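Novice:
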Amino acid sequence: MSSANEINKGRVINELRQFIKKLLQDPSIVPTSLEVARAHSGQPNSAEVIAREISSLTSVKIPDDIADFSDADRLYLEVLKEVIDEEQAMY
540 MSSANEINKG RVINELRQFI KKLLQDPSIV PTSLEVARAH SGQPNSAEVI
590 AREISSLTSV KIPDDIADFS DADRLYLEVL KEVIDEEQAM Y
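So for the sequence shown, my numbering puts the first residue at 540; every next one is plus one.
This is how it looks when you write it as structure tokens:
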């Protein structure tokens, strides 16, 4: 593995670590994020809309522009979408 890949993986791991700490420190983030994701699931530009609303309602700050999302931002929004999709498939 190249040195650049190792540095990038380290950066992503550190960012995810900080994010997980934030989730553990503020347990309201997850239910709020799920509620927002449910409300906007399937809409055009849903990732940007969800990111903007999560940023306004919680201590999680995700950039408005999808081009500025970090790897951790993308991963969080993808996991939210997967959870919502799985919920909808159950019903």
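In this text, a Cβ means the ideal position worked out from N, Cα and C, and glycines have one as well. Note that the structure is predicted; figures quoted are calculated from it, not measured.
So the candidates are A576, K560, N547; which of them puts its Cα closest to the Cα of L616?
Specialist: Among A576, K560, N547, the Cα nearest to that of L616 belongs to A576.
Novice: Drop a sphere of 10 angstroms on the beta-carbon of S572, count the other beta-carbons inside from all chains shown, and report buried for 16 or more, exposed for fewer.
Specialist: Buried: at least 16 other Cβ atoms inside 10 Å.
Novice: Could you tell me the alpha carbon to alpha carbon distance between H579 and L596, rounded to whole angstroms?
Specialist: About 14 Å.
Novice: Out of curiosity, what's the CA-to-CA distance linking E587 and V622?
Specialist: Approximately 17 Å, taken between the alpha carbons.
Novice: Please go through the region 574-610 and give each complete alpha helix (DSSP H) segment of 4 or more residues, from N-terminal end onward.
Specialist: Listed in chain order, they are 585-596.
Novice: Could you tell me how far apart the beta carbons of V618 and I568 are, in whole angstroms, since I believe they sit closer than 8 Å?
Specialist: Not quite, the Cβ-Cβ distance comes to about 13 Å (not below 8 Å), so this is no contact.
Novice: Can the beta-carbon of E554 be found closer than 8 Å to that of D610?
Specialist: Cβ atoms of E554 and D610: closer than 8 Å.
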